[in-house]
Amino acid sequence: MNSYRYIEKRINIIVELIKGLDSFRAGAPRKSISKLEEMYTSLKLRNPPYKWKELAQDLKSILDIPKSHPGYKKLVNIHQVASFLSYASIGTLILSLYFAFREEIISFLYAFAATFIVTNISFILRIYEAHILSQIFKEKSDILEEKGRKIKEMINYLLVLLRRELRKIRRHQRGIELNLYQVDYDNIQVVKKPSFLRNTYLVKVQ
4 MNSYRYIEKR INIIVELIKG LDSFRAGAPR KSISKLEEMY TSLKLRNPPY KWKELAQDLK
64 SILDIPKSHP GYKKLVNIHQ VASFLSYASI GTLILSLYFA FREEIISFLY AFAATFIVTN
124 ISFILRIYEA HILSQIFKEK SDILEEKGRK IKEMINYLLV LLRRELRKIR RHQRGIELNL
184 YQVDYDNIQV VKKPSFLRNT YLVKVQ
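Throughout, our numbering is defined as the position within the sequence shown, counted from one, plus 3.
What follows is the structure, encoded as structure tokens:
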């Protein structure tokens, strides 16, 4: 792999790691801890502010925040029902394809309608689940902020590293854009604020 492609690959990993860590700070995890660890390790960082073990403890603590909330049991039940309906929709879809293959039109229409209904109910439950989770993290915002302190420092470190890598391939003028939940970081410019269709800020790093 030539140096340009190697640096581009590093840039992509840094961006994804920043986005993943930022989502934890916001109480909206978008990647697993194991995936974040894989990216962190692959970068072979020099003198990072925190070792992965320290960061992982805070990431796990953030994931555990909802477990102490009175509404956690309800959240788990909704998640289980939504997951069951997701699998059920796959079953009804296969059934509708079977009826279509056999040219049983009435049965196909019933099965297809069931797929549509079950899929939409599952989708609505997922949205409701995300809403409840968001409310829990809002109520526990003080804990979330405290557990996110080291993560914020790590993100600032990664942003400096990102700028350095962009300069190596002369992309610092054009920069790179990221979608982040939080914007209290150094070395970023806010391009767009959250909207009805997007709950993150669009920021630029040069």
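The beta carbon of each residue, even a glycine, is placed where N, CA and C say it ideally should be.
Asked                                                                                                                                                                                       : Found
Going by C-alpha to C-alpha distance, which of Gln138, Leu183, Arg170 and Tyr9 sits closest to tyrosine 75?                                                                                 : Gln138
For the region 117 to 150, list the alpha helix (DSSP H) runs that are entirely contained and at least 4 residues long, ordered along the chain.                                            : 144 to 150
Assuming valine 18 is part of the alpha helix (DSSP H), what are its boundary residues?                                                                                                     : 6 to 28
Starting from glutamine 192, trace the beta strand (DSSP E) in both directions and tell me its first and last residue.                                                                      : 192 to 195
Measure the beta-carbon distance from isoleucine 65 to lysine 150 and round it to whole angstroms, keeping in mind my assumption that it falls under 8 Å.                                   : 5 Å
Give every residue of the same chain whose Cβ lies closer than 7 Å to the Cβ of proline 69, excluding the five residues on either side of it in the sequence, and list them in chain order. : Tyr75, Leu78, Leu136 and Ile139
Between the alpha carbons of methionine 157 and leucine 100, how many angstroms are there, rounded?                                                                                         : 49 Å
Does alanine 116 pass the burial test, meaning 16 or more other C-beta atoms within 10 Å, or should it be called exposed?                                                                   : exposed
Under the rule that 16 or more other beta-carbon atoms within 10 Å means buried, what is isoleucine 14, buried or exposed?                                                                  : buried
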